[in-house]
Structure formats: C-alpha cells, structure tokens
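Per my numbering, the sequence shown runs over residues 0 to 1111. Using N, Cα and C, we set each Cβ at its ideal position, and we do this for glycine too.
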Amino acid sequence: MSASSAFNDEKGGSSSVGEPEYGHDPASGGIFSSDYKRHDDLKEMLDSNKDSLKLEAMKRIVAMIARGKNASDLFPAVVKNVACKNIEVKKLVYVYLVRYAEEQQDLALLSISTFQRGLKDPNQLIRASALRVLSSIRVTIIVPIMMLAIKEAASDMSPYVRKTAAHAIPKLYSLDPDQKDQLIEVIEKLLADKTTLVAGSVVMAFEEVCPERIDLIHKNYRKLCNLLIDVEEWGQVVIINMLTRYARTQFLNPNINESLLEEGGSGDKTFYGSDGNDDDDEDEEDKEKKAEAAALAKRKPYVMDPDHRLLLRNTKPLLQSRNAAVVMAVAQLYFHLAPKAEVGVIAKALVRLLRSHSEVQYVVLQNVATMTIKRRGMFEPYLKSFYIRSTDPTQIKILKLEVLTNLANETNISTILREFQTYIKSVDKDFVAATIQAIGRCATNIGEVRDTCLNGLVQLLSNRDELVVAESVVVIKKLLQMQPEKHSDIIKHMAKLTDNIQVPMARASILWLIGEYCEHVPKIAPDVLRKMAKSFTNEEDIVKLQILNLAAKLYLTNSKQTKLLTQYVLNLAKYDQNYDIRDRARFIRQLIVPTEKSGALSKYAKKLFLALKPAPVLESPFKDRDHFQLGSLSHLLNAKAGGYQELPDWPEAAPDPSVRNVEVPEWTKCSSREKRKEKKVEKPFYSDSEGESGPTESADSESYSSSGSDSASASAESGSGSQSEESEDASDSEEEEEEEDKKKVWKKEFKKLAQGSESEQSSESDERKRARKSKQQKSESESETDGDEESDSESSQSESDDSESEVDVKNKKAVQSKAPSKPVIKETKKEKKEMSLLDLDDFEPAPSPQVTPVNSFLSSSLVTDLEGLSLSDSVLSPAAISPSGTQKCYELLHRISGEGLSVEYCFSRQPFGPDANMVAVQMHFANSAATDAKNLHMEDVKLQSGMRVTDFPEIELLPAGETTTAVMGIDFCDSTQAANFQLCTHSRKFFVSIQPPVGELMKPVFMTENEFKKEQGQLMGMNEITEKLTLDVKCRNEHAIVQRVSAAANLSRVPCGSDKECRFAGRTVSGGSLVLVTVATEEDGSARLTLNCEKMVIGTMLVKDVLLALTQ
0 MSASSAFNDE KGGSSSVGEP EYGHDPASGG IFSSDYKRHD DLKEMLDSNK DSLKLEAMKR
60 IVAMIARGKN ASDLFPAVVK NVACKNIEVK KLVYVYLVRY AEEQQDLALL SISTFQRGLK
120 DPNQLIRASA LRVLSSIRVT IIVPIMMLAI KEAASDMSPY VRKTAAHAIP KLYSLDPDQK
180 DQLIEVIEKL LADKTTLVAG SVVMAFEEVC PERIDLIHKN YRKLCNLLID VEEWGQVVII
240 NMLTRYARTQ FLNPNINESL LEEGGSGDKT FYGSDGNDDD DEDEEDKEKK AEAAALAKRK
300 PYVMDPDHRL LLRNTKPLLQ SRNAAVVMAV AQLYFHLAPK AEVGVIAKAL VRLLRSHSEV
360 QYVVLQNVAT MTIKRRGMFE PYLKSFYIRS TDPTQIKILK LEVLTNLANE TNISTILREF
420 QTYIKSVDKD FVAATIQAIG RCATNIGEVR DTCLNGLVQL LSNRDELVVA ESVVVIKKLL
480 QMQPEKHSDI IKHMAKLTDN IQVPMARASI LWLIGEYCEH VPKIAPDVLR KMAKSFTNEE
540 DIVKLQILNL AAKLYLTNSK QTKLLTQYVL NLAKYDQNYD IRDRARFIRQ LIVPTEKSGA
600 LSKYAKKLFL ALKPAPVLES PFKDRDHFQL GSLSHLLNAK AGGYQELPDW PEAAPDPSVR
660 NVEVPEWTKC SSREKRKEKK VEKPFYSDSE GESGPTESAD SESYSSSGSD SASASAESGS
720 GSQSEESEDA SDSEEEEEEE DKKKVWKKEF KKLAQGSESE QSSESDERKR ARKSKQQKSE
780 SESETDGDEE SDSESSQSES DDSESEVDVK NKKAVQSKAP SKPVIKETKK EKKEMSLLDL
840 DDFEPAPSPQ VTPVNSFLSS SLVTDLEGLS LSDSVLSPAA ISPSGTQKCY ELLHRISGEG
900 LSVEYCFSRQ PFGPDANMVA VQMHFANSAA TDAKNLHMED VKLQSGMRVT DFPEIELLPA
960 GETTTAVMGI DFCDSTQAAN FQLCTHSRKF FVSIQPPVGE LMKPVFMTEN EFKKEQGQLM
1020 GMNEITEKLT LDVKCRNEHA IVQRVSAAAN LSRVPCGSDK ECRFAGRTVS GGSLVLVTVA
1080 TEEDGSARLT LNCEKMVIGT MLVKDVLLAL TQ
C-alpha cells in the first residue's frame, strides 16, 4: 500500500526537497538529485509483488527509451522480472532487454537460462522476443546456443517466430561468419516456407548471408512471384530487388532482337554514308556483318520465358502500392528486365510519386533523370508534370530541369524554352544558373534552335544580375565553339563586357574566346589585352592564366601590335605570388620568344596554341549512372556504396528452365483454399488491359508439374477463364444470334466454293475417279458392316464402336494409298447432286487437316474453309463424339502400370454437349488382362483454381480382350495445367493426369476478312507477337501451311484475298479470348508469323507450337 501511495504521489508530481519530479519526466531532475536516488521509485515498483505496478514501471521505462533517455542503470532491476508470469510485463521486459543486452552483456548472460525457457513458452510473442534478445547478446561464447535456438525457431508452428528466426540469421552471421554453412541450411528451409510473413525476412537474410547462392532460389522462384502481392511492403522491396538480379542471370535479354536490328541499322548508315573511295572489301565486310545479324535474328527468334513473364505480370499491380519504395523497386525491375514496349507502364506510377514529400521526389527524380536518357519516349506524355513550382526546393528544381532537358526534342522544344524563360526570372541564383546551362544543352542537342538560344543568351548579357550574365557568358563560349565564324558580332559584344563583368569565370571565358578566335576580331583583341594588362595584378588567378594565354596567342598572330604588351604581362607574371602563374609565364616565354637556349618546340608554338579544339559536348551528368542498379544508394550517390551488388549482365544462352520446376510427390491439399480462390476469381484484380492474366496462384496450393517450363508457364494464369463466365452467360443470346448470321454467310460461301470445285472435278482423269469410287464404296461397306455387327448393343456403345471402326478403316487406307480421301467429305460430295447444301443437318466436319488430300473432289481451299464447321444446330451428345481420323493420341495409362488395362486419350475437337466451355476428351480403354475390369470410374479429382471436370459415365464391365470408349469434359480455364485424378477399377486405383497442348484449348471461329482485320486492329501492341521464320521445304505451298497450322491448333481458316497470306481465327474454349494467326509467305521460302491474342501467355506458347509445326 505504501508503494502504491508513493507511486500515486510521484505520478501527481509531488516535489519534496531533493526529490526529482519523476512523474512528468523520469529522466529529469538528475542534476538536482544525487545519483544513488535516481530512478528509486521505478526500482521499488519493479521489486513490488503487484503486476500492475511492474507494468506501469515498465511502460514508463520504455517511454524513456523512446524519448532517447538512458535507462541502462535499471538493467539489474528489469532483468529480474524476465521470469514474471504476467505476459504484458514479460513483453515489455524483452523490449527493454533487446535495447540494452548488447551494452550489459555480462548481466544478460546471467539470465540466459531464462531466455532459453522463454523459447519454449506457449505464447508465440514471448518465444519470438526471447529469440530476439538472445540474438542481441553479442558474445561469441553463446553462438552454439543461438544456432540451436534459430534452428528450433525455424521449425516453429508460428510464422511470427519463424520470421524472427530469419531476422536472427544475419545477426549470428555478423557475430561468427564461420557458421555460414549451417545458416544456409536454415535459410534453405525457410525459403520453402509458404507464408507471406516469412518470405520478406528470409530473402533479406539470404541477401545478407549468401547472395551468390542463386541455386537456392530456383525451386522457390515461382512461389515468391505468386506470394509477392501479399508480402509486407518492405519485404516486397527486398524480394523485388533480389528477383531483379536473379532474372538477369536466368533469362535472355528481351530486347536482344532490337539490339541486333540497331546494329544492323547502324551498319546501314555507315555503308551508305561511306565515301566513294572506300574499298570494296569494307563494303563486303559490312554486308557480311548485316547478313550474320539477320541470320542470327532468323535462327533464334526471341520468345520470352514464361517464368520471366510471370515475374513481370505479378509485379505490375504493385505499381499501385501506397509505399513509394515498392513502386520504385517495381519501376527499376521493369527498366532492367522488361521488353522495351512494356517499360512505359512505370512512367505513370513514377509521376504519381512526384506528388509526395520532397525527399521522395528527390530520389524518384534522380532515377527518372537516368531513365530519360535511354527511354525518353515513355515520359514525354507527362512533360508538364516536370514543370517547376516556386515552392520546390533548389535540389528538386535542378533535377526537374535535368529531366526537361533530357525530354527536349524538335516537337516540344518551343514549349520548354518558354518555361526556361520564366525560370530565368527566379530569385534562386543557383536555379537560374542551372537553367542557363540547360538552355545551352538544348541548343547543343537540337541544332534547329541553336541560333534562337544564342540570341536569347546574348540578351541575358544585359541583365542587371551579374551571376546571370556570368553563367550566360560561360554557356555562350561553349556554343560559339561550334560555329565561331558565324558569330563574330557576339564575340565583339562580349569583349565590351570585360569592363562590367567581375565574376572570374565569366571574365576568363571572354578572354579565352577572344584569344581563340582573335582572327575574327583583329582590332578589338589587342585593345582587350591592353585593358587586362592594366588590371593584371588585381585579377583572380583563373583570369590571370587566361590573360597570359591571350597574350601568347596575340603575340603569335599579331606581334607588331602586341609584342611589348606581351613582354609586360610576362614580366608581371614572373613575380606573381601564385607559382602556377609563374610557371605558366616561364613556359610561354620560352615557347614564343625563341632564344639560343630554347629547344625545337618553339617552332611549333603556333600549332600548340592555335590548334583547332573540338567543341565541348554538353552531356547530362546522369549519362553514366545506369551501370548502377536504379533505386540503389550507389545510384543516388553515383559511387559504389558498401554492400552494393552489381547487376549481372544478361546470359548469352538461356540456362535450363527446368531447374524451377517443382515436383510434388503427392496431391496438394487445397479444398478450403480452392474455395477462397474461386471467390477471388469473380472480381479480377487487374485492369481491363491486363484481364488476360487472371488472379495469381497462391503458393499454398502449388503443384507445378515437372514436364518443363511450358507446362508451368501458365501457373499464374489458372482460373483466368472462369472470371469471364458471368459476362459470357449475359451475352449468350447475342452470341447465338451472331452465330446464326455467320452460318448463313458461310453457307453461301460454301455454295460458291462448291460450284467452283465442280469445274476442277471435270478436269480430273477417269482413272483417278474410278479409284476413288472403289475406295469410297469399300469404306462405306466396311463402315456399314461394322455398324450392323454392333447394332444389338447399347446405342451409346454402338455409336462409339462405329467411330472406332471408322478410324481403323481410315488408318488402313492412309497406309495403302498415296492420296487417301476422307469418307465423310466424300459422302457430302456424293449427296451434293441430290440435296441442297443448306440442308446438311447431319454434316460431320472434317476435323483433321492432316489427311486432307490435294486431289479430292473438293478444292483444298473449300476443305480448309470447312474445317471444324458444324452446320447442325443440335449439339452432339458425349457418347456420340467420334475422334478425328488421325488425331494425335496420348497415353494416359500404360498396360504394364495398369496391370493389363491401358487407356489412351485424344482431343476430339468437337463441342462438349453438357458444357460448351469444356474441352471434349475422348478416352479409349483396352483390357488386355485375363480377367474382366469392372466399375471403371474417376475419383479424387485434383485441379488448379478455376478448373472443372465432367466425369465420363461409369463403365460397369470391360471384358478381357475387349475395348471401349468414353468421353469426358475438362474446363482447363485457358491454361495448360494438368487435370489430375484417380482412375479406379473395382480393385485398383491409378494416379493419372491429362495435360492439353495449347492448341487444343481453342475452338474455331468463323469470320469474314473485314471482321478479321477489325479484330486484329484492336489486338495490337502487347497483344501482338511477330516472328520471322524459314518454312520447311515441304511446307512452301498454301495447302501444307494450312494443314500444319490446323494440326497445331484448333483454328478455322479465314478467307483471304491474297495468295501470300493464310489467316486463321479461333477463341479459347473457356474464356472466349480471341486468337488470330496470320502466316505471310515470301517467294524465297521465308515467312512472317503474326499472332494476336488477348492472353499473352496463351499467345506466347501457341507461337512456339506453330513455329515448330512450320519449320520442321
């Protein structure tokens, strides 16, 4: 009670004689009280048995520390309470100990057992605080204890404790670098952590301890990219900087093709600009270089690595971060890693930061000034954002001037010069001087305004402000060096200013100009020397040196008038107080006044003094800063700071991308997480322009397949299709009407083309006709007999078997005949005479372009125009879908793994009846075992976010030696992620997965040439990929190109007026994103492939497949 009343008295501010007023400021009154009484009340409260008093005492102590007061003498009293059972007190004790453990190491060591007990505390905050205190005790003797504590904390269930363990790693490393190997093991373990709380801290530890161990990042690269958006802000900065360096070592330069073209362009200029007297050998060398560059560009078309794209896509949203450091980190990442066409997105974000505090503005403008030297175009639309305000500090004004000068070009120079005219009237003298220098740089860089700038600067020579005049003189001197003969009037005008201008640098510049161009002002120059000789002793050293130079030059060009003056000046300089001037005078005397002792150099005096001097190049001070990583302290200081890591150069060849594939041994569990992700999908984070990327995939449910970078490339894109489902449902009726209209148009086209094909038919030989008829009859009879044999079985079974037999027949004929024909197409041709083509409700499309014959009844253009065309309004039922004649089959289950049961699947390219957003997958079951297989069905389907599956109907019985087929539907969500599931029989379960080629994610779209051009015009820029290629020898005609492109992707042919172009169109099955492909051919076998797609990842992968199809 006494302690409590004492505390209340103190808090009330009672001040008895000799007692300090601890209540108001515990650290005050030290002067008036003796040391032994200092903090006595706090010590009493800490020794009290009441937790409330201890808590109040600790709050006051922590408040003292926060105000910068020294509370180290309370260490013994505080450390006793480390074992206090009250959690609030314990937290504050640990806060105190973290601050003073390093200073009071001996006392802290006495309590080390308590800290170790704290590491086992059930409260995560206490465990973390204990580890923090332990790592703050800088004594080598407890290194093993610290290491053990860090290893245990790295496995802690609480992510907060694991985060603290990551913070402790650099502390231990700085205390004992020999522990590096063990710490790297802990870092490797923590890098695999999937929580956002730990990610930033462990990457910071990685950067401090082992930044060279890039191999630790490989497996965690995609996870870090996907987690990035949810990590805390400072963690984002660290991760982005680390990933920038990682990407520079693992991916190819996205602007490699541009640099090759630039080299080629410079070669052109030198070639055409060369003199006629140059040797033919040089021309040949130039041609060889250009040919090599062109060959290299053709041989290796740049395709961005999907992981590179993943990094760019996942960092882009962070440009909207409220933290300026995060925005700056993303901006430097884009500047150093992104293709030139995409870097522009950072400009708007950086301009937004200019509304922030002046400190932030200073850093941002430093980086913008460097960017504008290389990428001027991206900041030109924001020119007005860099206009200077009167309230800006001088440093900001000068940096904005730098940016404006870098952005100046022929179109905006008049606007910028008008701004500069206003700035010259400012009261800030340093700023005015910088403005005049900026005008000089604009005049140097843009020849059209050189005279205008010179005239403006000459007008400034009559300014009342001496500093303005002086700076103008210095800049005019530099500009006059470019065309001195045209501006002798300006030199005369400046000579008159020597009487008025007193600024040493300006006087020196005028004297240098008059001496350098004395032949242009032969009458004025000697008079200026006369005046200068009078005031020589009173001039500054820099002016005296220029007077000596002027005297020497005039002596060499006009010795009659200036001989005596020169000797007088040299005699004055001989006895000057400055030894530089005395040395210069002796040197000049020996050089220009030949004597017996002077050497051979005096003959060359004129050449030495009056040599033509190159005009100075006025360059930006930021020109050479880009070799430092943007946003770093080294870049800001323009000097290498401690701990700075150089940005690596791009590799010549791309390292193996498979090192980033993560093999998942078992299915990842993602039931509740998937639901959360599906909710996220409904409202995409990205803006309209970035709709293609969809929500980024959470690293908690990562299950990347190990089939290569292509399969993993859409890891962040899974789920992107479902986000458009709502909009698709809303516009279903409109789309159906449009499709009906298009069908009518295409039926008319079909008629015209069919009529054209009749004329071709009449020109064919009789033998070919007979051969085709016999084959047709044979195929029809075979298919009929097959149909009759199976007629007793169930309807779905018989239909699927029918299609099986049809496939067999086609395959047999493809082997036997050189020019095989399609039964389906022939039937329609045969019926053409009997019925109108508009009535072809039962018409089955020719989905496989690979077996389209050149010499069939239908012309090749008609066949390709009809590929994938389904004129019937009724959608096929799942059981009725028949696979295409030679569709590529993939193995799902090998008969050895399946104990006699083998399963193959193919993509039938038919609409899937129950759901139009699903891809139809035809499955072929064969039972080669001795026993029957029963109850074939699917279980435990594991899908990426947004994907869906419609199971195939359960097959109750598959007798030994028999085969059957079934159809399932998969919504791959416009990604190439695999659909994983268990294929079950009555006795066994088999893990299988179906992974689609990107070309099978499309469905054909029919459009006219004008519609194609219109849609293509809306998908330019970042949505367009263009590659040059050399066509395979067998792929030089239109028919072969159509075959190969259609085999690679399920696209329909678009009519084209040109023979040199083939056009194809389609939409992604799930998201309905438009895909347009154009192949433009040349006579020499070269071609240009252009792909326009809303989804850049789909586009990039499809370009690879089509390139492969056309070049092999």
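Does the distance from the C-beta atom of LEU982 to that of VAL902 stay below 8 Å?
Yes, they are a contact pair.
With 8 Å as the threshold, decide whether the Cβ of ILE239 is near any Cβ in chain D.
The structure shown contains no chain D; it holds only a single protein chain.
Taking all protein chains shown into account, do 16 or more other C-beta atoms lie within 10 angstroms of the C-beta of ARG908, making it buried, or fewer, making it exposed?
By the 10 Å Cβ count, ARG908 comes out buried.
Exposed or buried, what is LYS1013 when buried is set at 16 or more other beta-carbons lying within 10 Å of its beta-carbon?
It counts as exposed.
Quick one: complete alpha helix (DSSP H) runs, 4+ long, within the segment 956-988?
Fully enclosed alpha helix (DSSP H) runs of 4 or longer: not present.
When the Cα of ASN509 is compared with those of ALA532, LYS602, VAL472, which residue comes out closest?
Looking at the sequence itself, residue 509 is Ile, so the reference to Asn does not match. Of ALA532, LYS602, VAL472, the residue nearest in Cα terms is VAL472.
By alpha-carbon positions, which one of ASP304, ASP931, GLY968 ends up nearest to PRO958?
It is ASP931.
Does the segment 1090-1100 touch the segment 1065-1082, meaning 3 or more C-beta pairs lie closer than 8 Å?
Verdict: yes, contact present.
DSSP on LEU182, reduced to helix/strand/coil?
DSSP places LEU182 in helix when its eight states are reduced to three.
Spatial neighbours of LYS1033 within its chain, please: C-beta separation below 8 Å, excluding the five flanking residues on both sides.
Closer than 8 Å at the Cβ level, and outside the excluded window around LYS1033, lie ALA1039.
Comparing C-alpha positions only, which one of TYR643, GLU379, HIS166 sits nearest to ASN408?
The shortest Cα separation from ASN408 among TYR643, GLU379, HIS166 belongs to GLU379.
Secondary structure at ASP939, three-state DSSP: helix, strand or coil?
Residue state, collapsed to three classes: strand.
Pull up the DSSP beta-bridge partners for ASN80, would you.
DSSP output for ASN80 lists no bridge partner at all.
For GLN921, which beta-bridge partners are listed by DSSP?
The partner list for GLN921 (beta bridge, DSSP) reads CYS905, VAL966.
Between the beta-carbon of MET146 and the beta-carbon of GLN103, is there less than 8 Å?
Against a cut-off of 8 Å, the Cβ pair of GLN103 and MET146 comes out as no contact.
Is MET946 closer than 8 Å to GLN994 when the C-beta atoms are compared?
No, the pair does not count as a contact, with Cβ atoms beyond the cut-off.
Short of 6 Å in beta carbon distance, which residues of its chain neighbour GLY117, apart from the five on each side in sequence? Order them along the chain.
Once the five neighbours on either side are set aside, the close Cβ partners of GLY117 are ILE125, ALA129.
With 16 other CB atoms within 10 Å as the buried threshold, where does LYS750 fall?
Legend: pLDDT at LYS750 = 49, less than 50; position of this residue unreliable, no value from coordinates given.
Do ALA532 and GLU470 have their C-beta atoms closer together than 8 Å?
The answer is no: Cβ separation not under 8 Å.
Rounded to whole angstroms, what is the Cα-Cα separation between ILE216 and GLN235?
C-alpha separation (whole angstroms): 16 Å.
For the beta strand (DSSP E) holding LYS1002, just list the boundary residues, first then last.
That run of the beta strand (DSSP E) goes 1001-1003.
Have a look at PHE250 and LEU309 and give me their C-alpha separation to the nearest angstrom.
Taking the straight line joining both Cα atoms gives about 12 Å.
Select from TYR422, ILE445, ALA442, ASN444 the residue whose C-alpha is nearest the C-alpha of THR434.
Ranking TYR422, ILE445, ALA442, ASN444 by Cα distance to THR434 puts TYR422 first.
Can you list the alpha helix (DSSP H) stretches of 4 or more residues lying completely in the segment 497-562, in chain order?
DSSP runs (the alpha helix (DSSP H)) wholly in the segment 497-562: 503-515, 523-533, 540-556.
Is the segment 133-143 in contact with the segment 152-162, if contact means three or more CB pairs nearer than 8 Å?
Result no; under three Cβ-Cβ pairs closer than 8 Å.
Just mark SER883 as buried or exposed, buried being the case when its beta carbon has 16 or more other beta carbons within 10 Å.
With a pLDDT of only 42 at SER883, under the threshold of 50, the placement of this residue in the model should not be trusted; the figure read from the coordinates follows. Result: buried.
To which residues of the same chain is LEU609 closer than 6 Å at the C-beta, ignoring the five residues directly before and after it?
Around LEU609: no qualifying Cβ.
Roughly how many angstroms lie between the CA atoms of LEU861 and TYR904, to the nearest whole one?
Because the pLDDT of LEU861 is 42, which lies under 50, any placement of that residue in the model is unreliable, and the question is left without a value.
Check whether the Cβ atoms of ILE149 and LEU174 sit closer than 8 Å, and answer yes or no.
No, they are not a contact pair.
Helix, strand or coil for PRO910 per DSSP?
Of the three classes helix, strand and coil, the one that applies to PRO910 here is strand, per DSSP.
Quick one: what does DSSP say VAL431 is sitting in, helix, strand or coil?
It is helical.
Would you mind working out which of ILE60, VAL88, ALA65 sits nearest ASN48, comparing C-alpha positions?
Looking at the Cα atoms, VAL88 is the closest of the given residues.
Quick one: give me the first and last residue of the alpha helix (DSSP H) that ASN454 is part of.
Its alpha helix (DSSP H) spans residues 449-459.
Judging by CA-CA distance, which residue of PRO121, ILE136, ASP120 is the nearest neighbour of SER110?
Nearest C-alpha to SER110: ILE136.
On the three-state DSSP scale, how would you describe ILE387?
Looking at ILE387 - three-state DSSP - the assignment turns out to be coil, as it is neither helix nor strand.
On a CA-only basis, which of ALA1046, LEU956, PHE971 is nearest ALA965? Give me that one, please.
Closest by alpha carbon: LEU956.
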